[in-house]
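Chains C and F supply the protein sequences, listed in that same order. Our numbering applies: residue 41 is where the first sequence begins, and numbers increase by one. Our numbering applies: residue 2 is where the second sequence begins, and numbers increase by one. Notes to accompany the following structure.
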Amino acid sequence: MKEIFKLFLTFAKVGCFTFGGGYAMLPLLQKEVVEKNNWATEEELMDYFAIGQCTPGIIAVNTSTFIGYKRKGVVGGIAATLGMVFPSLIIITIIAAFIRSFADLEIVGHALNGIKAGVCALILDAVIKLIKKSVIDRYTLILFIAVFFIALLTDISTVILIILSGALGVLISRIKARSGSGKEGA
Amino acid sequence: MFLYVRLFYEFFKTGLFAIGGGLATLPFLYEMSAKTGWFTAHDISNMIAVSESTPGPIGINMSTYVGFQTAYTYLGIAGGILGGVIATLSLVFPSIIVIELVSKVLNKFKESQIVQNIFYGLRPASTALVAASGMGIARVAFLIENTGSIAVNFKSLILGVLIFVSYKLFKLHPVVYIAAAAVIGIIFKF
Chain C
41 MKEIFKLFLT
51 FAKVGCFTFG
61 GGYAMLPLLQ
71 KEVVEKNNWA
81 TEEELMDYFA
91 IGQCTPGIIA
101 VNTSTFIGYK
111 RKGVVGGIAA
121 TLGMVFPSLI
131 IITIIAAFIR
141 SFADLEIVGH
151 ALNGIKAGVC
161 ALILDAVIKL
171 IKKSVIDRYT
181 LILFIAVFFI
191 ALLTDISTVI
201 LIILSGALGV
211 LISRIKARSG
221 SGKEGA
Chain F
2 MFLYVRLFYE
12 FFKTGLFAIG
22 GGLATLPFLY
32 EMSAKTGWFT
42 AHDISNMIAV
52 SESTPGPIGI
62 NMSTYVGFQT
72 AYTYLGIAGG
82 ILGGVIATLS
92 LVFPSIIVIE
102 LVSKVLNKFK
112 ESQIVQNIFY
122 GLRPASTALV
132 AASGMGIARV
142 AFLIENTGSI
152 AVNFKSLILG
162 VLIFVSYKLF
172 KLHPVVYIAA
182 AAVIGIIFKF
């Protein structure tokens, strides 16, 4: 029961400080889920992000459900997800009811511009951590560079990129295994 | 009552078929607007502005906003609050079911070589997608783009570098840096 409540609170905290979409919550998740609570490893977090992008629903919710479920089953998944959406419910309801011009407020604009610069710095750090764990040989380096530029320069759906990368992972592993065993034979 | 059932139906559908980031919910909202007349395309652009300038995943913010707004118009403020809650929970409902099923399957085959090989390819791709999305935010944060001209926003760039360095040095909670960035943005009128 205690951990279920902690899941809710932790994800509420992450939801409270996520600005700019699901990817922007990665630095917070690394801190809370991987470093502080040991609920998942860096690799698992990456896997959840990858799967969360090609399954129905938005990434932030999918990732929360994954981690909650891993810790405490169905109830854990629900608790983590409700935690993630809780701050939005409160904040958006207040704004929609009382401060319609919120997005036009000058002070909000200034704060957001500062936050964007800060979030970039945090994402850069998060990406460096992920690269250390995911780019482990030249094949994964090529895959990383290719997906990065395709995502940046084209409109190809991330769902397709994720599925293709998974298939390539299987293919490359086969080739590696074959050439590896070939060498042993020779 | 009927309104709530429709909100549930529309947002459940969106949660089930919108795949990817929160902005993937947008086409569904435009369709909803055309079909139900609950809100206009202009309202949607206002909702996007609010969703992007408040904490929380954009898809969730949009659902709460639309749910509240729609029910508020017909049923007042208490009705609006319930509408926001229903829309948001309906959006996450399919995710919870699908991800719990996927988790179950994954746990079963976690050790299998083929799943390991899939992840071997998925991990660099997933990292690249995060990096690409970071570049998207960096473009808005560090470049001033007008028609025909691009300039570097040095104020933001300096803040970004400072935060990166101090994050590496002091390793405080990311929340501290986000809050500091907001305060600096307000004080120095970013």
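Even glycine gets a Cβ: it sits at the ideal position worked out from N, Cα and C. Please read all numbers here as calculations on a predicted model, not as lab measurements.
Report task. Select from the region 129-156 of chain F all residues with a C-beta closer than 9 Å to any C-beta belonging to chain C, and list them in chain order. Result -> Flagged, chain order: Ala-129, Leu-130, Val-131, Ala-132, Ala-133, Ser-134, Gly-135, Met-136, Gly-137, Ile-138, Ala-139, Val-141, Ala-142, Phe-143, Asn-154 and Lys-156.
Query - Whole beta strand (DSSP E) elements within the region 92-178 of chain C, 3-residue minimum - result: none
Query raised in the report: Is F:Glu-101 helix, strand or coil by DSSP?
Result: In the second sequence, the residue the question calls residue 101 of chain F occupies position 100. It is helical.
Report task. In angstroms with no decimal places, state the Cα-to-Cα distance between C:Ala-137 and C:Asn-77. Result -> By 1-based counting over the first sequence, the position of residue 137 of chain C is 97. By 1-based counting over the first sequence, the position of residue 77 of chain C is 37. Computed Cα separation, rounded: 36 Å.
Query raised in the report: Terminal residues of the continuous alpha helix (DSSP H) containing F:Leu-144?
Result: The residue given as residue 144 of chain F occupies position 143 in the second sequence. Segment 144-147 is the beta strand (DSSP E) holding F:Leu-144; no alpha helix (DSSP H) there.
Query raised in the report: What does C:Leu-183 touch in chain F if you count any residue whose Cβ is under 7 Å from its own?
Result: Stepping through the first sequence from its first residue, residue 183 of chain C is reached at position 143. Within chain F, the residues near C:Leu-183 are Gly-122, Pro-125 and Ala-126.
Report task. Kindly say whether F:Ile-87, judged by its beta-carbon, lies nearer than 7 Å to any beta-carbon of chain C. Result -> Numbered from its first residue, the second sequence carries residue 87 of chain F at position 86. False, the Cβ-Cβ gap to chain C never drops below 7 Å.
Report task. Rank F:Phe-3, F:Met-33 and F:Ile-78 by C-alpha distance to the C-alpha of F:Met-63 and give the top, closest one. Result -> Residue numbering aside, residue 63 of chain F sits at position 62 when the second sequence is read from its first letter. Among F:Phe-3, F:Met-33 and F:Ile-78, the Cα nearest to that of F:Met-63 belongs to F:Met-33.
**Report entry** According to DSSP, residues forming a beta bridge with F:Ala-152
**Finding:** Here residue 152 of chain F refers to the residue found at position 151 when the second sequence is read from its first residue. According to DSSP, F:Ala-152 bridges with F:Ile-145.
Report task. Quickly, what does DSSP pair F:Ile-20 with across the bridge? List them, please. Result -> Residue numbering aside, residue 20 of chain F sits at position 19 when the second sequence is read from its first letter. Answer is C:Pro-96 and C:Gly-97.
Query raised in the report: Looking at the C-beta of F:Leu-17, does it have a partner C-beta in chain C at a distance below 7 Å?
Result: Taking the second sequence and counting its residues from 1, the one referred to as residue 17 of chain F is at position 16. It does; some Cβ of chain C falls within 7 Å.
**Report entry** Extent of the continuous alpha helix (DSSP H) to which F:Gly-186 belongs
**Finding:** Reading the second sequence from its first residue, position 185 is the one you call residue 186 of chain F. From DSSP, the alpha helix (DSSP H) with F:Gly-186 extends over 175-188.
**Report entry** Exposed unless 16 or more other CB atoms sit within 10 angstroms - verdict on F:Ala-129
**Finding:** For the purposes of this step, residue 129 of chain F is taken as residue 128 along the second sequence, with counting starting at 1. In this structure F:Ala-129 is buried. Its beta-carbon is surrounded by 16 or more other beta-carbon atoms within 10 angstroms.
Report task. Could you tell me whether the region 50-61 of chain F touches the region 203-210 of chain C, where touching means 3 or more Cβ pairs closer than 8 Å? Result -> no
Query raised in the report: Looking at the structure shown, is C:Thr-194 part of a helix, part of a strand, or coil, going by DSSP?
Result: For the purposes of this step, residue 194 of chain C is taken as the residue at position 154 of the first sequence. Coil at C:Thr-194, not helix or strand.
Query - F:Lys-47, enclosing alpha helix (DSSP H) - first and last residue - result: Here the question's residue 47 of chain F lines up with position 46 in the second sequence. Strictly speaking, residue 47 of chain F in this sequence is Asn, with Lys absent from that position. It spans 42-53 - the alpha helix (DSSP H) in which F:Asn-47 sits, taken as one unbroken run.
Query raised in the report: Would you call the region 43-50 of chain C and the region 120-133 of chain C touching, i.e. three or more CB-CB distances under 8 Å?
Result: yes
Report task. Could you tell me which chain C residues have their CB closer than 8 Å to the CB of F:Lys-190, listed as they occur along the chain? Result -> As a working mapping, residue 190 of chain F is identified with position 189 in the second sequence. Correct list: His-150.
Query raised in the report: Given C:Ala-90, which residues of its chain have a CB within under 7 Å of its CB, disregarding the five upstream and five downstream residues?
Result: For the purposes of this step, residue 90 of chain C is identified with residue 50 of the first sequence, where counting begins at 1. Correct list, in chain order: Ile-202.
Requested in this report: List the endpoints of the continuous alpha helix (DSSP H) containing C:Ala-52.
Outcome: By one-based count along the first sequence, residue 52 of chain C stands at place 12. For C:Ala-52, the uninterrupted alpha helix (DSSP H) run begins and ends at 42-56, by DSSP.
Query - Supposed close pair C:Asp-87, F:Leu-160 - CB separation, criterion 8 Å - result: To locate residue 87 of chain C, count along the first sequence from 1; it is residue 47. To locate residue 160 of chain F, count along the second sequence from 1; it is residue 159. Going by Cβ atoms, the distance from C:Asp-87 to F:Leu-160 rounds to 33 Å, so no, they are not a contact pair.
Query raised in the report: Using a Cβ-Cβ cut-off of 8 Å (strictly less than) and excluding sequence neighbours within five positions of C:Lys-173, which residues of its own chain qualify?
Result: Here the question's residue 173 of chain C lines up with position 133 in the first sequence. Result list for C:Lys-173: Glu-82, Glu-83 and Met-86, in chain order.
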